[in-house]
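Numbered as in our numbering, the sequence shown ends at 399 without a single skipped number.
Even glycine gets a Cβ: it sits at the ideal position worked out from N, Cα and C.
Reading through the structure tokens given below for one structure.
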Amino acid sequence: MIKKEILLAILLFFTSHGQSQRLIYDENIPVEKLRVVLEEAKGGLVSEMLTDLEYIPLQGGKSDLVDYIYEIVFHKGKIGVLGANEGYFHLYHEDGRFINKITKIDGYKPHPNSGNALFNFIDVAEDKLELSSSDFTARVDLLGNIVDTVHQGKAFYASEDDGFGQYLKKEVTIENTNYKLYGTYQDDERIKQDVLLMNGIPIVQYDPLDTIKTYMINDDLSKVHNGKSYMTVGYNTKIFQLSASGIDKIYEIVLPARNTFDLKNAPQLKQADYSKGYQYFAENNLIVSSLSQVSPYRDYLLFRAIRNHNPMWLVYNLKTKEVLSLNNIIPDRSNDYLNFFDVRKIFVQDDFLYSIIYTSDIREAKEKCLVEGHTMRKEYADLEKYNNPILVRFKLK
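Listed below in structure tokens is the structure:
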């Protein structure tokens, strides 16, 4: 009898899809095509499109500053934050009041494979918050105190080589099913072409004939939401929905030709020269090169369409097929012309969307208020005095 792994390898070899970077997977996986015209994505004024809009300054003294926020988690009225550069952990009440921070752990030195950041991941584990790097995990209580530690972490970008020139980038576990993401990066040292492993078996691979060596995007595997995780990889616009039983379905974002990436017309990406890749996307800046940060939100699928000049946050209603762009929602008098999201990060928690703005956004809004002959409310004007990023919470109508 032919082993299951061999049968899968044969199936993977004969199943290829798409004009963009070709991914190889089981052709029986259901595919739902979502047609999106970026220029026609719905928008409007903040007062028309949003409810429950709230600006939450992250407080603390001069020694409690957060650099650019990399990750956020919400749990039982608390907000846990990881800074991007140093990987420090900060804990706040849901109204932004500072509770505690962790900037070092006695006896532990951050691993170079984690970019020397103290932590790279944050999640909820039972009734605690779990902080991880590539080789270390700490659990903290809701007062920000370390409960226990273990010298075992989670996969992070640039983790150890698996022996075949592949680097484990990210992993998630849904019930008893483990997924490991290796991504589509190619170089001369990579022997295997595994993109995604399910319990150690490759279920998505890439076609090595693509020979893409200029890698300017991040492969992404989302946190688990209601038993689902979402994978986006490489230069294509497919969203893989994962559950405990495997790949449930694939959402394929179908774009107009002017926005569609065609590998055949991108020879620069076959060179290991990043400047050639930057030049290509600068000259073709309408192209959506990839998708990232997929999350379910009510009846919607939220994701970021990556373009060189203008990345867009899109919200696709899976029931009505309506497409909304957060980029097309315009601040107005109702929120004193304040920006309400950062193009790099949006987080989902229950019925709310969360994002980040900075004190520079406050200054810009003040200038807009002056032009419009409008007086900014004091609580918004006072946001400028905070040195930390400002958390924004809102709902879509």
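Quiz item: Considering only C-alpha positions, which residue in the set I107, K225, H92 is nearest to P298?
Solution: Ranked by how close their Cα comes to the Cα of P298, the residues I107, K225, H92 have K225 in first place.
Self-check item: Proximity below 7 Å, CB of D222 to CB of T239
Solution: No. Outside cutoff.
Quiz prompt | Sub-7 Å separation of T186 and Y208 beta-carbons | solution = yes
Exercise. May I have the straight-line CA-CA distance separating E381 from G146, to the nearest angstrom?
Key: 28 Å
Quiz item: DSSP three-state call for V48: helix, strand or coil?
Solution: In the three-state scheme derived from DSSP, where H, G and I count as helix and E and B as strand, V48 is classed as helix.
Quiz prompt | In chain order, each beta strand (DSSP E) run of at least 3 residues that lies wholly inside the region 227-270 | solution = 231-234, 240-245, 248-256
Quiz prompt | Within 7 Å, strictly: CB atoms of R395 and E50 | solution = no
Exercise. Could you round the C-beta distance between L84 and F91 to whole angstroms and report it? I think they count as a contact, below 8 Å.
Key: 6 Å
Quiz item: Helix or strand or just coil, what does DSSP make of N389?
Solution: coil
Quiz prompt | Alpha-carbon spacing of R99 relative to S65, whole angstroms | solution = 15 Å
Practice problem: With a threshold of 16 other CB atoms inside 10 Å of the CB of V365, please say whether the residue is buried or exposed. | Solution: Before going on, a small fix: residue 365 reads as Arg here, not Val. Exposed, by the Cβ-count rule.
Quiz item: Three or more C-beta pairs closer than 8 Å, one from the region 32-43 and one from the region 304-324: is that the case here?
Solution: The region 304-324 and the region 32-43 touch, with three or more beta-carbon pairs separated by less than 8 Å.
Quiz prompt | Best match in H311, Q351, M378 for proximity to D334 [C-alpha to C-alpha] | solution = Among H311, Q351, M378, the Cα nearest to that of D334 is on M378.
Quiz item: Between F305 and L288, is the Cβ-Cβ spacing less than 7 Å?
Solution: No. Outside cutoff.
Quiz item: Can you tell me the Cα-Cα spacing of K370 and H95, whole angstroms?
Solution: Looking at the backbone, the Cα of K370 and that of H95 are separated by about 31 Å.
Quiz prompt | Beta bridge counterpart(s) of Y217 as assigned by DSSP | solution = Note: Y217 sits in no beta bridge, so no partner.
Practice problem: Quickly, what does DSSP pair P298 with across the bridge? List them, please. | Solution: L303
Exercise. With a 10 Å radius around its C-beta and 16 neighbouring C-beta atoms as the bar for buried, classify Y70 as buried or exposed.
Key: It is exposed - the Cβ of Y70 has fewer than 16 other Cβ atoms within 10 Å.
Practice problem: Give the secondary structure of A119 by DSSP, where H, G and I count as helix, E and B as strand, and everything else as coil. | Solution: Under the three-state reduction of DSSP output, A119 falls in the coil class, being neither helix nor strand.
Exercise. State the start and end residues of the unbroken beta strand (DSSP E) segment that holds R192.
Key: Secondary structure note for R192: it is in no beta strand (DSSP E), with a DSSP letter that is neither H nor E.
Quiz prompt | Element boundaries [beta strand (DSSP E), containing Y94] | solution = 91-95
Self-check item: Other residues of its chain near N87: CB distance less than 8 Å, five sequence neighbours each side excluded
Solution: D69, Y70, A119
Quiz item: Should I358 and P313 be called a contact, given that it needs their Cβ atoms to be closer than 7 Å?
Solution: Between I358 and P313, the C-beta gap is not smaller than 7 Å, which leaves the two residues out of contact.
Quiz prompt | Close beta carbons around H1, own chain, < 6 Å, minus the five adjacent residues each side | solution = A question about residue 1 goes unanswered here, because the residues of the chain that appear run from 3 up to 399.
Quiz item: Since I364 is in the alpha helix (DSSP H), which residue starts that stretch and which ends it?
Solution: 361-373
Quiz item: When the distance is taken between beta carbons, is G279 closer than 7 Å to T216?
Solution: yes
Quiz item: Name the DSSP bridge partner or partners of P210?
Solution: None, per the DSSP bridge assignment.
Quiz item: To the nearest angstrom, how far is it from the Cα of D264 to the Cα of V256?
Solution: Between D264 and V256, the C-alpha separation is close to 13 Å.
Quiz item: Just how far apart, CA to CA, sit G82 and L60?
Solution: 11 Å
Quiz item: Looking at the unbroken alpha helix (DSSP H) that takes in S327, where does it start and where does it end?
Solution: Where S327 is concerned, there is no enclosing alpha helix (DSSP H), although the beta strand (DSSP E) it sits in stretches over 325-332.
Self-check item: Helix, strand or coil at S22 [DSSP, three-state]
Solution: coil
Self-check item: Beta-bridge partners of A43, as assigned by DSSP
Solution: Beta-bridge pairing links A43 to no other residue.
Exercise. Report the three-state DSSP secondary structure of S292 (helix, strand or coil).
Key: strand
Self-check item: Sequence-distant residues of the same chain with beta carbon closer than 6 Å to A72, five excluded per side
Solution: Note that residue 72 is Tyr in the sequence shown, not Ala. Around Y72: L84, A86.
Quiz item: By Cβ distance, which residues of its chain are closer than 6 Å to I205, with the 5 residues on each side in sequence left out?
Solution: Answer for I205: L198, listed in chain order.
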